[in-house]
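Chemist:
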Amino acid sequence: MLEGCGLNKSYGTLKAAEGISLSLVPGQILGLLGPNGAGKTTTVSMLAGLMAPDSGEVLVDGRPMKGDSDPAKAMIGLVPQELALVDELSAGDNLAFFGALYGMRGKKLREAVEKALGFVGLEERSKDRVSSFSGGMKRRLNLAASLLHDPPVLLLDEPTVGVDPQSRNAIFDNLGALKEQGKAMLYTTHYMEEAERLCDRIQIMDHGKTIAEGTLRDLSALLPATSRLLLELKERGGREWLPELLKLPGVQSASEEEGTLSVTLRDLPTGAPEVLAWLSSKGVAYTHMSSERAGLEEVFLALTGKGLRDS
Ligand SMILES: Nc1ncnc2c1ncn2[C@@H]1O[C@H](COP(=O)(O)OP(=O)(O)OP(=O)(O)O)[C@@H](O)[C@H]1O
Ligand SMILES: [Mg+2]
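Anchor point for the sequence shown: position 247 equals 822 in this note's numbering, and the numbering is continuous, going up by one each time.
Here is the structure:
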């Protein structure tokens with residue numbers, strides 16, 4: 576539906592995007608994950624046709640997009656990272672302004688504005704000035720603005736930055752509904768838990784390059800330790816056995832915090848029975864046990880040696 580092929584973009588000597596290729600398909604969300612300055616917004620701007628790549632091309636339904644005036648741009652809805660709203664205008668007038676940019680007018684425009692406001696739950700606030708809106712409401716209106724012309728492709732550049740949990744959940748629900756409608760979506764974020772929750776596939780960027788891509792499961796498989804075993808210990812204190820546990824062949828790391836023992840295993844099916852048998856031989860009792868897959872934060876850490884947010 577929308578493809579980026581070998582996209583390159585430099586600002587002076589800084590390579591903001593280097594050979595970025597990605598592909599958006601209907602009914603799926605591709606997560607573009609990376610720390611500040613990774614090149615996410617640069618990539619989105621090229622895909623949206625706002626900025627020409629130095630080399631590489633953007634294909635819309637297999638046809639190369641030809642610059643800013645290409646009519647194929649109407650297929651794309653962009654939710655920019657920087658809010659593009661006029662504070663002095665009402666919510667409804669803001670949307671009417673965006674709709675007019677897409678050549679909509681009259682009844683069609685009024686209906687589109689009403690529908691978009693309703694979709695993001697702001698129909699009651701249509702006549703209120705945007706300056707009176709909370710950060711979360713502005714983000715929801717920003718999303719609504721991208722939907723007026725009902726584009727099949729949506730590019731969302733950090734659409735939940737600075738919003739309260741309630742608005743964030745409302746936006747997530749909206750994105751789920753848009754996915755159901757069959758939209759092809761790109762979602763950039765540096766929150767790995769958002770990518771884990773929302774995205775069908777994930778592409779991780781750092782310093783302008785794609786460093787990994789795949790489903791969450793594919794990415795987890797890149798890690799030497801793929802699972803973590805968590806045990807709530809019955810008794811607190813007295814962890815003299817911890818160094819010995821670390822010596823078991825299947826155990827990669829083990830730590831204890833506030834009564835929860837966390838053991839990273841190279842292989843869950845063989846490692847877990849080994850650990851449990853060893854603990855019972857030492858008389859260590861536990862009340863609850865669970866396991867979890869290594870997350871994206873760990874994948875990123877393993878690939879780059881740094882965290883996603885503090886880089
Ligand atoms: N107009 C510009 N002129 C010069 N350098 C720029 C420009 N826009 C971006 N850059 C640089 O390009 C790199 C990539 O920036 P970009 O905004 O694409 O990153 P990002 O992944 O979106 O980051 P963030 O998470 O902070 O939004 C950064 O080093 C940034 O400083
Ligand atoms: Mg950005």
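Where a beta carbon is used, it is the ideal one built from N, C-alpha and C, also for glycine.
Computed from a predicted structure; not experimentally measured.
Answer yes or no: the CB of Q656 versus the heavy atoms of ligand 2, is any distance below 7 Å?
Modeler: In the sequence shown, residue 656 corresponds to position 81, counting from 1. Yes, Cβ of Q656 sits closer than 7 Å to a heavy atom of ligand 2.
Chemist: When you compare only the Cα positions, how much space is there between G696 and K690?
Modeler: For the purposes of this step, residue 696 is taken as the residue at position 121 of the sequence shown. For the purposes of this step, residue 690 is taken as the residue at position 115 of the sequence shown. Going from the Cα of G696 to the Cα of K690 covers about 10 Å.
Chemist: State the Cα-Cα distance for the pair K683 and K615, rounded to the nearest angstrom.
Modeler: Working through the sequence shown from its first residue, we reach residue 683 at position 108. Working through the sequence shown from its first residue, we reach residue 615 at position 40. Those two C-alpha atoms are separated by around 34 Å.
Chemist: Would you report the Cα separation of R571 and E698, rounded to the nearest angstrom?
Modeler: Because the chain is modelled from 576 through 886, residue 571 falls outside the range shown and cannot be assessed.
Chemist: What is the DSSP secondary structure of P734, counted as helix, strand or coil?
Modeler: As a first step, residue 734 must be located in the sequence shown, where it is residue number 159. Coil, per DSSP.
Chemist: What whole-angstrom Cβ distance do L843 and S866 have, given they're in contact under 8 Å?
Modeler: Residue numbering aside, residue 843 sits at position 268 when the sequence shown is read from its first letter. Residue numbering aside, residue 866 sits at position 291 when the sequence shown is read from its first letter. Yes, they are in contact, since the Cβ atoms of L843 and S866 sit about 6 Å apart, within 8 Å.
Chemist: Does any heavy atom of ligand 2 sit closer than 7 Å to the C-beta of K615?
Modeler: Counting from one through the sequence shown, the residue named residue 615 turns up at place 40. Checking every heavy atom of ligand 2 against the Cβ of K615, one is found closer than 7 Å.
Chemist: Just verifying my parser: in three-state terms, what is the DSSP assignment at D887?
Modeler: In the structure as shown, the chain begins at 576 and stops at 886. Residue 887 is therefore absent and cannot be evaluated.
Chemist: Taking 8 Å as the threshold (C-beta atoms), are E578 and L634 in contact?
Modeler: Counting from 1 along the sequence shown, the entry for residue 634 is found at position 59. Counting from 1 along the sequence shown, the entry for residue 578 is found at position 3. Yes, they are a contact pair.
Chemist: Would you identify the three-state DSSP class for D781, choosing helix, strand or coil?
Modeler: Walking along the sequence shown from the start, residue 781 turns up at place 206. If DSSP states are grouped into helix, strand and coil, D781 belongs with the strands.
Chemist: Below 8 Å on the Cβ atoms is my guess for L808 versus V859; work out the distance and round it to an integer in Å.
Modeler: Here residue 808 corresponds to residue number 233 of the sequence shown, with the count starting at 1. Here residue 859 corresponds to residue number 284 of the sequence shown, with the count starting at 1. Going by Cβ atoms, the distance from L808 to V859 rounds to 7 Å, so yes, they are a contact pair.
Chemist: For Q741, which of helix, strand or coil comes out of DSSP?
Modeler: In the sequence shown, the residue the question calls residue 741 occupies position 166. Q741: helix per DSSP, three-state reduction.
Chemist: Name the one or two DSSP bridge partners that K584 has.
Modeler: For this step, residue 584 is matched to residue 9 along the sequence shown. Answer is A592.
Chemist: Does DSSP put M760 in a helix, in a strand, or in coil?
Modeler: Here residue 760 is taken as the residue at index 185 of the sequence shown, counted from 1. The answer is strand: DSSP assigns M760 an E or B state.
Chemist: Apart from the five residues on each side of it in sequence, which residues of its chain come closer than 6 Å, Cβ to Cβ, to S886?
Modeler: What you label residue 886 is simply residue 311 of the sequence shown in a count that begins at 1. Note that S886 scores a pLDDT of 40, beneath 50, so its modelled location is shaky; the value from the coordinates is reported in the next line. So the list reads P610, once near-sequence residues are dropped.
Chemist: As a quick exercise: from L750, D662, S709 and L854, pick the residue whose alpha carbon is nearest that of G737.
Modeler: Taking the first residue of the sequence shown as position 1, residue 737 is located at position 162. If we check each option's Cα against that of G737, S709 comes out closest.
Chemist: Please say whether P740 and L718 have beta carbons closer to each other than 8 Å?
Modeler: As a position in the sequence shown, residue 718 is number 143, starting the count at 1. As a position in the sequence shown, residue 740 is number 165, starting the count at 1. Not closer than 8 Å, so no.
Chemist: Could you have a look at M640 and say whether DSSP puts it in helix, strand or coil?
Modeler: Counting from 1 along the sequence shown, the entry for residue 640 is found at position 65. Looking at M640 - three-state DSSP - the assignment turns out to be coil, as it is neither helix nor strand.
Chemist: Check R811 in the structure and name its three-state DSSP category.
Modeler: Here residue 811 refers to the residue found at position 236 of the sequence shown. The answer is coil: DSSP assigns R811 none of H, G, I, E or B.
Chemist: Alpha helix (DSSP H) containing A666: first to last residue?
Modeler: In the sequence shown, residue 666 corresponds to position 91, counting from 1. A666 -> alpha helix (DSSP H) spans A666 to L676.
Chemist: Taking the Cβ atom as the reference point for each residue, do E788 and L871 lie within a distance shorter than 8 Å?
Modeler: On the sequence shown, position 213 is the one that residue 788 refers to. On the sequence shown, position 296 is the one that residue 871 refers to. Cβ atoms of E788 and L871: not closer than 8 Å.
Chemist: Starting from T617, trace the beta strand (DSSP E) both ways and give me its first and last residue.
Modeler: Along the sequence shown, read from residue 1 onward, the residue named residue 617 stands at position 42. First-last for T617: K615 to L622, but that is the alpha helix (DSSP H), not the beta strand (DSSP E).
Chemist: Please return the same chain residues whose Cβ sits closer than 8 Å to the Cβ of R714, not counting the five positions on each side in sequence.
Modeler: In the sequence shown, residue 714 corresponds to position 139, counting from 1. Excluding positions up to five away in sequence, the list reads L658, P734, T735, V736, G737, V738, S742 and I746.
Chemist: For N583, verify whether its CB is less than 7 Å away from any heavy atom of ligand 1.
Modeler: The residue given as residue 583 occupies position 8 in the sequence shown. No, since every heavy atom of ligand 1 falls outside the 7 Å radius drawn around the Cβ of N583.
Chemist: Measure the C-alpha to C-alpha separation of A591 and T764 and round it to an integer number of angstroms.
Modeler: Position 16 of the sequence shown holds residue 591. Position 189 of the sequence shown holds residue 764. Answer to the nearest angstrom: the Cα atoms are 17 Å apart.
Chemist: Can the beta-carbon of M864 be found less than 8 Å from the beta-carbon of L806?
Modeler: As a position in the sequence shown, residue 864 is number 289, starting the count at 1. As a position in the sequence shown, residue 806 is number 231, starting the count at 1. Cβ distance < 8 Å, so M864 and L806 count as in contact.
Chemist: Could you tell me whether the region 820 to 839 touches the region 746 to 763, using the rule of 3 or more Cβ pairs below 8 Å?
Modeler: In short, these stretches do not touch, since the Cβ pair count stays below three.
Chemist: What do you get for D732, buried or exposed, if any count of 16 or more other CB atoms within 10 angstroms of its CB means buried?
Modeler: As a first step, residue 732 must be located in the sequence shown, where it is residue number 157. D732 should be labelled buried.
Chemist: Using 8 Å as the threshold, is the C-beta distance between P601 and P727 below it?
Modeler: Looking up residue 601 in the sequence shown gives position 26. Looking up residue 727 in the sequence shown gives position 152. Cβ atoms of P601 and P727: closer than 8 Å.
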